Structure formats: C-alpha cells, structure tokens
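FYI, in my numbering the residues of the sequence shown are 1331 to 1496. Where a beta carbon is used, it is the ideal one built from N, C-alpha and C, also for glycine. Everything numeric in this text was worked out from a predicted model, so none of it was measured. Notes for the one structure printed next.
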Amino acid sequence: MRTAVCPGSFDPVTNGHVDIVRRAARLFDEVVVAVGTNVSKSRLFAPEERLEMLTEAMADLPNVRIAGFQGLIVEFCRDIGAVAIVKGLRGATDYEYELPMAQMNSHLTDVETVFVPGATRNAFVSSSLIKEVAAFGGDVTGLVPPAVHDRLLARLAERAAARAEG
Ligand code: PNS
C-alpha cells in the first residue's frame, strides 16, 4: 500500500486544501492529512478543532484519514510508512516557498514531495487571507466548507467580543 501525507496547519481547512487532498486520494492508496501542532505560531483554532473540521470536510473520501503531528514531517512520514508528501501549488510563489522544503525533506530521508497544481478557482484561497477578509466582514462563502464557515464566523465574533470587553 502506498501512503502519502498532506501536511499543513489547516487553520482552518479551505476548499483549496480539500481540492488537493481529493486529487492526492486518486493518486495514492491512502492519504493522511497531517495537522502540524508545533507551538511556534499563534492559531485561530486549537489543534483538536482543526482536526475535527478536517474530519468533517474529508468525510466523503474513504481512503483519507486525519492525524496530528509534532516535530519534523519526514519523521512522521517514516513513522507511518508514507512514501510521499503531497503539496498543492497555486502558482510560482508557492513553488519558490515549497521547493527548498521539498529538497530538505529529500535530503533528510527518501520521502519524495509530489507537487499537485490546485484548481484555478482556488488560486487566491489561503487560510490567512480568508481569516483576514472574514474578520473585516467580507464574504468568504464558497471558499471554505460550510461547517468551517460557521465555526470561523463564530470564532471571529468571540474574538471581537473579547477585544471589546478589553
Ligand atoms: O499550512 P502551512 O503553515 O504552510 O504548513 C506548514 C507545515 C506544517 C507543512 C510545515 O511547517 C512543516 O512541515 N512543519 C513541520 C516541521 C518540519 O518538518 N520542518 C522542516 C520542513 S523542511
């Protein structure tokens, strides 16, 4: 069985992520969506929440499972016997960012990175942009799974209320 890993922060999962995982699931026997839980960055959603939203978003993909990881992604791949990391590319900037990581991961182990072009409809979709636009009241409907949309608006409202209380 050939297993691939789709790693990311998924804070939160977007339709761009779902598209890439769906494509990866056609190429490999099993895909593990790996949620990085290293504590370096501040996140809108806790690791368990990100895992929950991914589980819902990928529910119709029988050969996809969701897991958390800490430390190096290649170590996680080794632990579960994955042969590849799958990353989506929206354009040249993603490639410039991803290439050194792919080369480093290939230097460290024999885990190869496979780049998959994302659908053009998601070319501008990123978790960070979605959070920024939604925080200022912009409409992000159709850019994230519906359940994520609801949780995102609820979390942003909570944050705004907490800030207003001082
Ligand atoms: O969604 P993101 O924030 O682009 O995901 C980044 C992630 C989690 C995939 C990346 O930071 C990662 O692989 N982190 C694990 C630590 C690691 O292996 N770092 C070396 C990469 S060469």
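Query, Result
"Three-state secondary structure assigned by DSSP to R1395", "strand"
"Any residue whose CB is nearer than 5 Å to a heavy atom belonging to ligand 1, listed in chain order", "P1337, G1338, S1339, G1366, L1402, I1403, M1431 and M1434"
"Where A1389 falls, given that 16 or more other Cβ within 10 Å makes a residue buried", "exposed"
"Bridge-paired residues (DSSP) for K1417", "F1445"
"For E1495: DSSP bridge partner residues", "According to DSSP, E1495 bridges with nothing at all."
"Limits of the alpha helix (DSSP H) - the one that P1377 falls within", "P1377 to A1387"
"Sub-8 Å separation of L1374 and D1341 beta-carbons", "yes"
"Test item: CB-CB of D1359 and R1395 under 8 Å", "no"
"Buried versus exposed, by CB contacts within 10 Å (16 or more), L1357", "exposed"
"Burial state of F1406, where buried means 16 or more other Cβ atoms lie within 10 Å", "buried"
"Cβ pair V1478, L1438 closer than 8 Å", "no"
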